[in-house]
Amino acid sequence: MPTTALAFFWHQHQPYYPDDLGNENPMPWVRLHGTKDYYGMALHIKEVPEFRCTINLVPSLLLQLQGYTDRGRSDRHLDVSRISAESLNHGDACYLLDNFFMANVESMIRPYPRYFELYQLRGFPNTPADKALSRFSPRDLRDLQVWNNLTWMHPLVFEENSDLREFLKKGKHWTEEEKQWLLDQQLAILRRIIPLHKELQDGGQVELTTTPFFHPILPLLWDKKLARQAMPNCDLPRNLDSYRGDALQHLKMAVEYHESLFGTPPKGMWPSEGSVCQEIIPAISECGIKWIATDEEILAHSTSGWVSRDQQGYLRHPEMLYRPWRVEEQGHQLQMVFRDHGLSDLIGFHYQRSNPTAAAQDMLGRVQAIGRAVEHKMGDRKPIVPIILDGENCWEYYPDGGVEFLRALYRGCVSNPQVEPMKIGEYVEQNPAGDRIGQLFAGSWISHNFAIWIGHHEDNQAWDLLHQTRLFLQEEQARGRHSQSEIDHAWREMYIAEGSDWFWWFGDDHSSEQDGLFDQLFRKHLQNVYTILGAPFPTGLSRPISRLERRVIHTVPKGFLNVKVDG
Numbered sequence: 003m004p005t006t007a008l009a010f011f012w013h014q015h016q017p018y019y020p021d022d023l024g025n026e027n028p029m030p031w032v033r034l035h036g037t038k039d040y041y042g043m044a045l046h047i048k049e050v051p052e053f054r055c056t057i058n059l060v061p062s063l064l065l066q067l068q069g070y071t072d073r074g075r076s077d078r079h080l081d082v083s084r085i086s087a088e089s090l091n092h093g094d095a096c097y098l099l100d101n102f103f104m105a106n107v108e109s110m111i112r113p114y115p116r117y118f119e120l121y122q123l124r125g126f127p128n129t130p131a132d133k134a135l136s137r138f139s140p141r142d143l144r145d146l147q148v149w150n151n152l153t154w155m156h157p158l159v160f161e162e163n164s165d166l167r168e169f170l171k172k173g174k175h176w177t178e179e180e181k182q183w184l185l186d187q188q189l190a191i192l193r194r195i196i197p198l199h200k201e202l203q204d205g206g207q208v209e210l211t212t213t214p215f216f217h218p219i220l221p222l223l224w225d226k227k228l229a230r231q232a233m234p235n236c237d238l239p240r241n242l243d244s245y246r247g248d249a250l251q252h253l254k255m256a257v258e259y260h261e262s263l264f265g266t267p268p269k270g271m272w273p274s275e276g277s278v279c280q281e282i283i284p285a286i287s288e289c290g291i292k293w294i295a296t297d298e299e300i301l302a303h304s305t306s307g308w309v310s311r312d313q314q315g316y317l318r319h320p321e322m323l324y325r326p327w328r329v330e331e332q333g334h335q336l337q338m339v340f341r342d343h344g345l346s347d348l349i350g351f352h353y354q355r356s357n358p359t360a361a362a363q364d365m366l367g368r369v370q371a372i373g374r375a376v377e378h379k380m381g382d383r384k385p386i387v388p389i390i391l392d393g394e395n396c397w398e399y400y401p402d403g404g405v406e407f408l409r410a411l412y413r414g415c416v417s418n419p420q421v422e423p424m425k426i427g428e429y430v431e432q433n434p435a436g437d438r439i440g441q442l443f444a445g446s447w448i449s450h451n452f453a454i455w456i457g458h459h460e461d462n463q464a465w466d467l468l469h470q471t472r473l474f475l476q477e478e479q480a481r482g483r484h485s486q487s488e489i490d491h492a493w494r495e496m497y498i499a500e501g502s503d504w505f506w507w508f509g510d511d512h513s514s515e516q517d518g519l520f521d522q523l524f525r526k527h528l529q530n531v532y533t534i535l536g537a538p539f540p541t542g543l544s545r546p547i548s549r550l551e552r553r554v555i556h557t558v559p560k561g562f563l564n565v566k567v568d569g
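Under our numbering, think of the first position of the sequence shown as 3, with each following residue one higher.
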């Protein structure tokens with residue numbers, strides 16, 4: 003039996019949180035996921051030299067990482083962490099009590115007696131922060147500062163660093179000097195993330211890919227009417243102008259930035275949210291990209307259901323999913339692979355409740371079964387099973403951060419004679435697509451449509467505000483009265499506002515305690531365009547888009563601050 007290529011593709015992404023104009027950053031997630039998932043996932047790969055996979059690193063994430071490591075940037079969470087516990091004012095202390103338990107209680111708080119003691123002392127969910135504060139001594143507050151930064155360090159970090167192991171073992175009653183030492187260690191870990199990924203790339207273990215720079219939904223920048231391919235009755239914004247030039251800039255900037263960091267241009271790309279359409283193929287190809295990936299439902303709709311699942315979840319014509327495809331437009335072509343939705347979701351949503359070794363064996367068994375099912379229908383080509391998902395969000399739901407599962411999975415891959423872990427670019431180079439998609443369906447990896455980002459009145463209002471601001475910027479640029487530096491700065495704010503994550507929280511698709519903050523950040527980037535160009539911004543940019551009550555300063559968290567588990 004020929005081997006089956008198993009192609010893991012980990013997508014690492016955070017939206018661009020900082021307000022560069024105000025020099026403020028309200029979100030800690032680049033830093034905290036950095037010391038936990040971005041570094042830890044790379045360490046897992048390094049542990050198994052024979053293992054191969056692909057990692058997508060979104061430029062907006064990398065840019066923020068460099069902000070911490072090269073430019074001394076901070077965030078609100080880090081600022082409060084640095085303050086001496088005895089010097090915390092009332093507002094900072096309440097912020098601490100509201101935000102420093104933002105971690106999975108079962109896997110990241112309860113296992114640590116002192117952290118769980120502080121969690122119980124806090125009195126969730128019934129006690130407001132200012133009422134709970136009287137129960138906390140400065141020593142308690144300092145331990146809380148330490149624990150929330152400590153719990154967001156990957157377990158493998160403690161395996162490789164004996165000093166951090168001893169620090170963790172102490173468990174409580176740290177001094178201010180010890181706390182500052184931990185924050186220094188945190189920065190040192192962040193500084194190793196990009197070099198470690200380059201090391202894995204240069205050593206041949208990992209293919210690094212990119213995404214349009216600030217993670218926009220490219221098809222919607224290109225033509226908002228494309229939303230109606232999957233949603234014929236979708237309401238659209240009032241203004242339907244194409245932002246093709248912006249789409250091209252996101253692509254160009256991403257490829258150039260990636261090459262500047264890793265020494266070689268990317269050959270692969272994960273389009274933001276797996277969002278694709280026929281029309282953007284030439285633009286992606288012209289940037290030097292050779293292959294892209296998205297979800298199997300896009301293939302199903304691109305083949306009129308020929309490659310799809312029945313009501314029991316079984317694939318029709320499975321041999322057509324587990325191979326590359328070619329898409330062509332205006333003389334340009336790209337190779338494409340489509341993720342196995344079910345296998346990807348097992349890792350993202352199900353295996354955390356299983357014995358980790360059994361889960362890894364189950365995954366490899368399913369891959370072997372796919373190989374057996376299609377072996378007589380592939381000719382001399384080995385099948386490829388793409389497993390594509392976020393590389394950061396699911397692990398906090400695993401009891402040990404996913405360590406046992408990933409170790410068993412990676413080691414099982416390289417020891418199983420019927421499974422070959424491969425980089426996607428390596429596979430498509432050796433097995434170029436023979437099958438062509440006539441018309442690539444316009445959609446994303448979520449329900450094969452763009453419903454999350456357009457159609458709801460809040461989404462559409464956001465698009466209209468974005469259009470109004472963009473029109474202002476174009477008019478000011480045409481007047482020729484601003485320096486090129488000012489124009490470039492204004493366009494950068496525009497591109498940030500085009501990112502998909504702001505639209506994720508508009509409408510009724512998703513909700514969190516942070517909806518208001520994402521709303522505010524989106525409008526802030528648009529406001530910045532006016533501020534940079536010396537003009538007052540319209541009053542419409544002062545009003546929240548989300549139809550929710552305004553969030554008060556200190557609220558009781560009901561969920562985790564980190565964003566979506568999907569992509």
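For each residue, glycine too, the CB sits at the ideal point set by N, CA and C.
- Distance between A435 and V376, taken at the CA atoms: about 16 Å.
- Shortest Cα-Cα distance from F102 to any of P157, L45 and W31 involves W31.
- Ranked by how close their Cα comes to the Cα of E201, the residues I57, A105, R328 and R383 have I57 in first place.
- Its Cα nearest to that of P268, the residue M255 stands out among G276, L411, M255 and C279.
- With a cutoff of 9 Å on beta-carbon distance, I390 and A480 are scored as not near each other.
- A straight-line Cα-Cα distance of about 48 Å links L408 and Y532.
- Rounded to whole angstroms, the separation of the alpha carbons of N150 and Q122 is 15 Å.
- Annotation: the continuous alpha helix (DSSP H) that includes V376 extends over P358 to V376.
- With fewer than three CB-CB distances shorter than 8 Å, the segment 320–336 does not count as touching the segment 344–352.
- Proximity to H491 across N530, D461 and Q470 peaks at N530, based on C-alpha coordinates.
- W327 carries a strand assignment under DSSP once its states are collapsed to helix, strand and coil.
- Restricted to the segment 236–309, the beta strand (DSSP E) segments that are unbroken, complete and at least 3 residues in length are 293–297, listed in chain order.
- If the five residues before and after Y117 are omitted, its C-beta is found closer than 6 Å to the C-beta atoms of I111 and W149, all from its own chain and listed in chain order.
- Take M271, set aside five residues on each side of it, and the residues of its chain with a beta-carbon closer than 7 Å to its own are T211, T212, T213, I286, I291 and I294, in chain order.
- The alpha-carbon of E406 is positioned some 6 Å away from that of P358.
- Ranking E500, L467 and A105 by CA distance to the CA of N241 puts L467 first.
- Taking every protein chain shown into account, the CB of E394 has 16 or more other CB atoms within 10 angstroms, so this residue is buried.
- Assignment of alpha helix (DSSP H) within the segment 61–115, counting only whole runs of 4 or more residues, yields 61–72, 78–84 and 92–101 in chain order.
- A direct Cα-Cα distance of roughly 27 Å separates D510 from H35.
- Going by C-alpha positions, W327 is about 14 Å away from D342.
- Considering only E162, M338, Q337 and L323, the residue with the shortest C-alpha distance to G344 is L323.
- Within the DSSP bridge table, the entry for G445 names V278 as partners.
- DSSP, reduced to helix, strand and coil, places W154 outside both helices and strands of the structure shown, so it counts as coil.
- No Cβ-Cβ contact shorter than 9 Å links E26 with R73.
- Taking all protein chains in view, the Cβ of Q231 is crowded by 16 or more other Cβ atoms within 10 Å, so the residue is classified as buried.
- Note on the segment 376–442: whole alpha helix (DSSP H) runs with a minimum of 4 residues are 405–417 and 426–432, in chain order.
- Rounded to whole angstroms, the Cβ separation of F160 and L146 is 20 Å, and the two are not in contact under 8 Å.
- Where T471 is concerned, the enclosing alpha helix (DSSP H) starts and stops at H459 to R481.
- In the same chain as E298, and ignoring 5 residues on each side of it, the C-beta atoms closer than 7 Å to its own belong to L323, F340, R341, D342 and H343, in chain order.
- Listed in chain order, the non-local C-beta contacts of D132 below 6 Å within the same chain comprise C96, local neighbours out to five positions each way being set aside.
- With respect to C236, G457 sits close: the two C-beta atoms are nearer than 9 Å.
- D21 carries a strand assignment under DSSP once its states are collapsed to helix, strand and coil.
- In terms of Cα proximity to P423, the closest of F539, P28 and Y412 is Y412.
- Note on geometry: alpha-carbon atoms of T153 and R75 lie some 22 Å from one another.
- For N451, DSSP records no beta bridge to any residue.
- Rounded to the nearest whole angstrom, the C-alpha separation of H252 and E275 is 15 Å.
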